[in-house]
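Please read the structure below before turning to the comments.
There are 2 protein chains.
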Amino acid sequence: MKVEQIIKEKNLKLTPARVEILEILVEQNRPISYDDIKDRLLMDKATFYRNISRFEDSAIIRSFESNDKKRYFSLEQNFHPHFICTKCNTISCLDEKSIINMDGYKIESIIIKGICPKCLNS
Amino acid sequence: MKVEQIIKEKNLKLTPARVEILEILVEQNRPISYDDIKDRLLMDKATFYRNISRFEDSAIIRSFESNDKKRYFSLEQNFHPHFICTKCNTISCLDEKSIINMDGYKIESIIIKGICPKCLNS
DNA sequence: CTCTATGCAAAAACTTTGCAGGGAT
DNA sequence: ATCCCTGCAAAGTTTTTGCATAGAG
Chain R
1 MKVEQIIKEK NLKLTPARVE ILEILVEQNR PISYDDIKDR LLMDKATFYR
51 NISRFEDSAI IRSFESNDKK RYFSLEQNFH PHFICTKCNT ISCLDEKSII
101 NMDGYKIESI IIKGICPKCL NS
Chain A
1 MKVEQIIKEK NLKLTPARVE ILEILVEQNR PISYDDIKDR LLMDKATFYR
51 NISRFEDSAI IRSFESNDKK RYFSLEQNFH PHFICTKCNT ISCLDEKSII
101 NMDGYKIESI IIKGICPKCL NS
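In order, the protein sequence lines correspond to chains R and A. In terms of the working numbering, the first sequence has 98 at position 98, counting the first letter as 1, and numbering is strictly consecutive. In terms of the working numbering, the second sequence has 21 at position 21, counting the first letter as 1, and numbering is strictly consecutive.
Written as structure tokens, this is what we have:
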């Protein structure tokens, strides 16, 4: 789905800054922090954070804090759990089958922290 | 287990500030942020954060960011998943049976965000 | 045309650091 | 006696806000 379509579906105004953020998220296909992309962003940080906040309110994206204390953003579209290694700080994507049984709850995000197999064996 | 014992087991010096922090965590039996307890803390905030950091390094406690953007601390001892409702911001403790199958990983914490049954029906 | 989005700069919120003195082992 | 812990104040980091202008519908 085109990012322009996502924005319009949520009745948000279509602006270059919003398109830019979502295109980066689609392109990278992994959780992103402001720090990760600030150098290539055309917009001001205030605009970035204001749009991130708007996107979260509209459930276009979700955010979570990683081990480095920064907030990471990912598209809600292809939801999946993330695994953060507290040793190497790598964020990896898990598949849906690993999701907990949580009848009665509406799950919006899952954060699992621990040590990845690679770090366990080194 | 006495908090003094926990501290000594990890070869940390036994100081009043350390005992104070751990006793609050034991007593409250739920994740705590600095903000939650700053009014009753005898120590300076620098001391609080330095000890929290030490405790995390020693795996005495774990921390995670909640929906209010603050960091919460809980004892590693009785590890269990936490559920954060993004609607009412309540943090509730889940039981271990809900844990994902994660062979090969060492899980240190699980954060699930979503909407709790109470909020879903209101 | 109207209302929202944006850039800039300044502030806020939370956490960390430097330094000199105090305390645990 | 030694080395770590502590308080205080100051700085750091990430995110938010105020205000005037620009832009979307």
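Note that CB positions come from ideal geometry on N, CA and C, so glycine has one too. As the structure is a prediction and not an experimental result, all values here were calculated from the model.
Check	Outcome
Residue 6 of chain R - partner residues in DSSP beta bridges	For residue 6 of chain R, which the question treats as bridged, DSSP gives no partner whatsoever.
Residues that residue 106 of chain A bridges to, as DSSP identifies them	R/115
Any chain A beta carbon closer than 8 Å to residue 32 of chain R	no
Pair within 8 Å by beta-carbon distance, residue 64 of chain R and residue 32 of chain R	no
Counted within 10 angstroms of its Cβ, other Cβ atoms place residue 85 of chain R as buried (16 or more) or exposed	buried
Bridge-paired residues (DSSP) for residue 62 of chain A	A/74
Nearest residue (CA-CA) to residue 11 of chain R, options R/59, R/122, R/71 and R/36	R/59
Residue-level contact to chain R via CB, residue 105 of chain A, 8 Å cutoff	yes
Inter-residue Cα distance where the pair is residue 13 of chain R and residue 62 of chain R	20 Å
Residues that residue 137 of chain A contacts on chain R, provided the C-beta gap is smaller than 7 Å	Nothing can be reported for residue 137 of chain A: it is not among the residues displayed for chain A, which extend from 1 to 122.
Secondary structure of residue 33 of chain R, DSSP reduced to three states	strand
Residue 104 of chain A to residue 30 of chain R span [Cα, whole Å]	22 Å
Sequence-distant residues of the same chain with beta carbon closer than 8 Å to residue 71 of chain R, five excluded per side	33, 34, 63, 64 and 65
Nearest residue (CA-CA) to residue 36 of chain A, options A/24, A/53 and A/47	A/24
Residue 51 of chain R versus residue 38 of chain R: straight-line alpha-carbon distance, rounded	14 Å
Residue 16 of chain R classed as buried or exposed, judged by whether at least 16 other C-beta atoms fall within 10 angstroms	exposed
Spatially closest choice to residue 42 of chain A from A/19, A/68, A/7 and A/6, by CA coordinates	A/19
For residue 82 of chain R, the first and last residue of its enclosing beta strand (DSSP E)	82–85
Amino acids of chain R, ordered along the chain, whose beta-carbon sits closer than 9 Å to that of residue 76 of chain A	In chain order: nothing, as chain R lies at least about 12 Å away.
Under 8 Å between C-beta atoms of residue 80 of chain A and residue 91 of chain A	no
Separation of residue 53 of chain A from residue 46 of chain A, as counted between CA atoms	11 Å
Residue from A/56, A/44, A/122 and A/48 whose Cα sits closest to the Cα of residue 77 of chain A	A/56
Nearest candidate by alpha-carbon position, reference residue 67 of chain A, set A/44, A/26 and A/115	A/115
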